[in-house]
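What follows is a single structure, written as structure tokens, with notes after it.
Residue numbers (the UniProt record's numbering): 1 to 182.
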């Protein structure tokens, strides 16, 4: 088996890294020149980008410089995904727009419009009077209820006074009976 010195190993690793970075640069240039539709960009292209790295380059640099390479890879895929999502949002049709240009022309005459406005006015006036009537009825019901509540409270107060008077009369009669016994 062929033995290599430390310097030769370092050179091989550096060569592998340079080849890998050149490969990435070429791929990013190609992907920037040919912008495929968003559905391809979001899935197929960057999957293929991971798949087609030469094995020798990947294994030689994986231990020494895996941090920077994974960072660059993830940042490119993130930007691809982000831009494709944005593009998807921009390309969505706006359903809620009303087509004002193709509106049918007004065929109503002025007399018909006046008649319609009068009918609407009468309808609103009728609704208003009905509403006021209902409000008045509710107000009278509430007033009657309040009156009944006041009467009930007054009755309870009278009963309490009568009860108090009866208790006082019984106590005074008992006091007089006690005095007579003495």
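Don't be surprised by glycine CBs; every beta carbon is placed ideally from N, CA and C.
{"Asked": "From what residue to what residue does the alpha helix (DSSP H) around residue 140 run?", "Found": "110-181"}
{"Asked": "Within 10 Å of its beta-carbon, does residue 170 have 16 or more other beta-carbons around it, so buried, or fewer, so exposed?", "Found": "exposed"}
{"Asked": "Whole angstroms is fine: what's the gap from residue 153's alpha carbon to residue 159's?", "Found": "10 Å"}
{"Asked": "Report the rounded CA-to-CA distance for residue 25 versus residue 19, giving the unit in angstroms.", "Found": "10 Å"}
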